[in-house]
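> Here's a structure for you.
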Amino acid sequence: MKNTFTRWLPAIAQNSSRKTVLTVAGVAALGGLALGPAAVASPLTGEPNLDAVSAINTATGRTASAAGAPANPDTAGRQAERSTARPGIEKLIPYGVQGSQSTIALDDDQLANAKAIIDTARKTGVGERGAVIGVATALQESKLYNLGHLGVINDHDSQGLFQQRPSSGWGTPEQITDPEYASTAFFNGLRNVPGWQDLPLTVAAQTVQVSAYPFAYAQWEQQAAEIVQQLWRS
70 MKNTFTRWLP
80 AIAQNSSRKT
90 VLTVAGVAAL
100 GGLALGPAAV
110 ASPLTGEPNL
120 DAVSAINTAT
130 GRTASAAGAP
140 ANPDTAGRQA
150 ERSTARPGIE
160 KLIPYGVQGS
170 QSTIALDDDQ
180 LANAKAIIDT
190 ARKTGVGERG
200 AVIGVATALQ
210 ESKLYNLGHL
220 GVINDHDSQG
230 LFQQRPSSGW
240 GTPEQITDPE
250 YASTAFFNGL
260 RNVPGWQDLP
270 LTVAAQTVQV
280 SAYPFAYAQW
290 EQQAAEIVQQ
300 LWRS
């Protein structure tokens, strides 16, 4: 997964009928990508987390039955789908935020990508809390930009909103740069994490993402909740 980006210079979007993907040609300058955040955990070492490997298998449909992933959205997810009221912050952040929080201004492309994640959260049955985890994860991984391959500055073959890697089995480059596909893969993986609803956001996200900076997701929880509250039924 790609390291965090703390700021972006203006970019040129490459449009298609299904998505907008930012490529290396769309990044104004390498100086526009600054690595951070100010304080991060030491990189993970050793073998991949087994739950995360299982989550990837489930997300890509290879071992969904063996992994015991639910075939259909759970009851809470179906109730969330029917809900017409905007969720309260206490529901979106049931345990409070962890540590200092970051925030960025969002443009139309970022808001559209956030809306795609939130819509997919409803469809996959993970509800409002799942949507917060998804949006926070994408804020950390891509700042809610649908990134194509960035050439020499790319982190291996990571692409898309969640910086998923074809070489890790998440899908083809075309698939993982489709916001709905990428979000569905992430949420299917999340649903395979035991007790994810009761885990701290950064733990739930990290179990799926296997990032070198496992605690970095926590800083986006407040803004992610505010985005979900704004866009849940917009």
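Quick note: to get our numbering, add 69 to the position in the sequence shown (first position is 1).
Idealized CB from N, CA, C, for every residue including glycine.
In the DSSP assignment, find the alpha helix (DSSP H) that holds Arg-191 and state where it starts and stops.
On the sequence shown, residue 191 is found 122 positions in, with the first residue counted as 1. First-last of the alpha helix (DSSP H) with Arg-191: 177-193.
> Where does the unbroken alpha helix (DSSP H) through Ile-202 begin, and where does it stop?
Counting from one through the sequence shown, the residue named residue 202 turns up at place 133. Run containing Ile-202: 196-211, per the alpha helix (DSSP H) assignment.
> For Val-166, which residues from the same chain have a beta carbon less than 6 angstroms from its beta carbon, with the 5 sequence-adjacent residues on both sides left out?
Taking the first residue of the sequence shown as 1, we reach residue 166 at position 97. Correct list, in chain order: Glu-290 and Gln-291.
> Considering just the uninterrupted stretch of the alpha helix (DSSP H) at Pro-248, what are its terminal residues?
Working through the sequence shown from its first residue, we reach residue 248 at position 179. Per DSSP, Pro-248 belongs to the alpha helix (DSSP H) from 248-260.
> Can you tell me where the alpha helix (DSSP H) with Pro-242 in it begins and where it stops?
Numbered from 1 along the sequence shown, position 173 holds the residue referred to as residue 242. First-last of the alpha helix (DSSP H) with Pro-242: 242-245.
> What is the DSSP secondary structure of Ile-173, reduced to helix, strand or coil?
The residue given as residue 173 occupies position 104 in the sequence shown. Of the three classes helix, strand and coil, the one that applies to Ile-173 here is coil, per DSSP.
> Considering only residues of the same chain and omitting the five flanking positions on each side of Leu-208, which have a CB-CB separation below 7 angstroms?
Walking along the sequence shown from the start, residue 208 turns up at place 139. Trp-289, Gln-292 and Ala-293.
> In the DSSP assignment, find the alpha helix (DSSP H) that holds Leu-270 and state where it starts and stops.
In the sequence shown, counting from the first residue as 1, residue 270 sits at position 201. Element bounds for Leu-270: 270-278.
> Name the residue from Ala-185, Ile-245, Lys-192 and Leu-268 whose alpha carbon lies nearest to the alpha carbon of Phe-231.
Your numbering for residue 231 matches position 162 in the sequence shown. The candidate whose alpha carbon is nearest that of Phe-231 is Ile-245.
> Looking at C-beta atoms only, is the number of pairs between the stretch 263-278 and the stretch 211-226 that lie closer than 8 angstroms three or more?
With a cut-off of 8 angstroms, the stretch 211-226 and the stretch 263-278 do not count as touching, because too few Cβ pairs lie within range.
> Opposite Gln-228 in the DSSP bridges: which residues?
Translated into positions along the sequence shown, residue 228 becomes position 159. Paired residues: Gln-233.
> State the DSSP-derived secondary structure class of Glu-297, mapped to helix, strand or coil.
As a first step, residue 297 is located in the sequence shown; it is residue number 228 there, counting from the start. Checking the sequence, you will find Val at residue 297 rather than Glu. In this structure, Val-297 counts as helix in the three-state DSSP scheme.
> Measuring straight from C-alpha to C-alpha, what distance separates Val-297 and Val-195?
Mapped onto the sequence shown, residue 297 falls at position 228. Mapped onto the sequence shown, residue 195 falls at position 126. Whole-angstrom Cα-Cα distance: 13 angstroms.
> Kindly confirm or deny that the stretch 185-195 and the stretch 153-162 touch, where touching means at least three C-beta pairs closer than 8 angstroms.
With a cut-off of 8 angstroms, the stretch 153-162 and the stretch 185-195 do not count as touching, because too few Cβ pairs lie within range.
> CB Asn-215 to CB Asn-182, shorter than 8 angstroms?
Walking along the sequence shown from the start, residue 215 turns up at place 146. Walking along the sequence shown from the start, residue 182 turns up at place 113. It is a contact, given that the beta carbons lie within the stated cut-off.
> With Leu-161 as the anchor, note down where its alpha helix (DSSP H) starts and where it stops.
As a working note, residue 161 is residue 92 in the sequence shown. Counting along the chain, the alpha helix (DSSP H) containing Leu-161 begins and ends at 158-161.
> Does Tyr-164 pass the burial test, meaning 16 or more other C-beta atoms within 10 Å, or should it be called exposed?
As a first step, residue 164 must be located in the sequence shown, where it is residue number 95. Tyr-164 comes out exposed.
> Measure the alpha-carbon distance for Leu-175 versus Leu-259 and round it to whole angstroms.
As a first step, residue 175 must be located in the sequence shown, where it is residue number 106. As a first step, residue 259 must be located in the sequence shown, where it is residue number 190. Roughly 25 angstroms separates the two Cα atoms.
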